[in-house]
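In the working numbering, the protein residues as written are 28 to 241.
Beta carbons are placed, not taken as given, at the ideal position from N, Cα and C, and that holds for glycine.
Every value quoted in this text rests on a predicted model; they were computed, and no experiment measured them.
To start, the structure itself, in structure tokens.
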Amino acid sequence: MWRMTTMWAALFFLLPACGGSGSHCEEPAGDAAAYLGFALGKAWDYDVTVGAATLSGTARIADAADPEYLTGTDALKMEIRQNGILIATRWFVVEPQRGLLFLGEQVIENSQQVNRRYLTPIVLVPYPLEPKCSGIPQSWSTSSDIEGGGSETHEFSNLGKGAHTVPAGDIEAFHLMHRRIVGGGNTYSYDEYFAPERGLIEFELPDGNAWKLR
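Right under this line is the structure:
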């Protein structure tokens, strides 16, 4: 599932805007945090499939913003636990003009702690994802150097919205194909499902372990 000189390269490829020449349209103000499902104190419970076993997973955003992770930013700090054991801490920020941005993480990989801080925040879900005045984003990409060395590119393809079944029930969600390309290394692909106002209802962490909302 999920993995977030400086390169500023967040690229969005959208369908043509609606309306003919001279038409005027204004997006409703809305609440980006509410739509994206990311807010202080929010928590999710998941069933985690590890091989033939099903474990318990939780993800919880801290009650207070973390102003120390990135200077000048009140980051959302999320702790992710599997059977009660902390396996990842991730930092995000919601920007009304851009969407849900992934700042970095501390994650256990191959029994070792890995720290990644993206010098260019990774756009995970653009906002608005269902705009009134233009077409729904079909793909987006962010390339970033990583503090301390290395780089990654995160590419997303929006495969459309429909009912997706998880333990919590049938939920209308966008199916996002996420490709994580490690500079000079491997490429990883993830199927992720984002439901407006509920967040990620399915993702992978680590690779191959499916987290499904319950």
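Below 8 Å, can you find three or more Cβ-Cβ pairs linking the region 164-183 to the region 207-214?
yes
If you run the structure through DSSP and keep just helix, strand and coil, what is A60?
Within the sequence shown, the letter at position 33 stands for residue 60. Residue state, collapsed to three classes: helix.
When the Cα atoms are used, what is the spatial distance from Q109 to S83?
Counting from one through the sequence shown, the residue named residue 109 turns up at place 82. Counting from one through the sequence shown, the residue named residue 83 turns up at place 56. About 6 Å.
Quick check: is the beta carbon of E53 nearer than 7 Å to any beta carbon in chain B?
This model lacks chain B altogether, as it is built from one protein chain only.
Round the Cβ separation of P153 and P164 to the nearest angstrom and send it over; I've been treating them as touching at under 8 Å.
In the sequence shown, counting from the first residue as 1, residue 153 sits at position 126. In the sequence shown, counting from the first residue as 1, residue 164 sits at position 137. Between P164 and P153 the Cβ distance is about 5 Å, and since that is below 8 Å, they are a contact.
Give me, in chain order, the residues of the same chain whose beta-carbon lies closer than 6 Å to that of E182; leave out the 5 immediate sequence neighbours on both sides.
In the sequence shown, residue 182 corresponds to position 155, counting from 1. For E182, where only same-chain residues beyond five positions count, the Cβ hits under 6 Å are S168 and R206.
Alpha carbon to alpha carbon, how far is S161 from P155? Give it in angstroms, no decimals.
Numbered from 1 along the sequence shown, position 128 holds the residue referred to as residue 155. Numbered from 1 along the sequence shown, position 134 holds the residue referred to as residue 161. Each residue's alpha carbon lies about 10 Å from the other.
Just the Cα atoms here: how many angstroms apart are E174 and R143?
For the purposes of this step, residue 174 is taken as residue 147 along the sequence shown, with counting starting at 1. For the purposes of this step, residue 143 is taken as residue 116 along the sequence shown, with counting starting at 1. Distance between the alpha carbons of E174 and R143 is about 7 Å.
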